[in-house]
Each structure stands twice: as C-alpha cells, then as structure tokens.
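Numbering (the numbering used here), first residue to last: 11 to 56.
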C-alpha cells in the first residue's frame, strides 16, 4: 500500500493499521494527525 508520511511517499504492508505503522516508525501516537484523502481522521477511528 502506498502512503505519504510528512509528504514522503512510502510503500508499507497493507495489513498494518495506523498504530502498528507508528510503532514501526518509532513515532509516538499522541503527536500525530491522520488524514485520509485530505480529511482528518478522528483518533477513535484509527
């Protein structure tokens, strides 16, 4: 799956969820905003 992280295009495993991706990248989830097609996704949804 192709995602953009801070404007950088990356290929990741399709089965990863947001929490798993953040853990893999070493990013603390409390400081993250998730967008889907330029719309902010609520924290409860991911």
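Backbone N, C-alpha and C fix where the C-beta goes; we use that ideal spot for every residue, glycine too.
Assigned secondary structure, residue i (DSSP; H/G/I helix, E/B strand, else coil)
i          : result
residue 21 : strand
Residue i - containing alpha helix (DSSP H), residue span
i          : result
residue 35 : 28–35
Beta-ladder partner(s) of residue i, from DSSP
i          : result
residue 45 : 50
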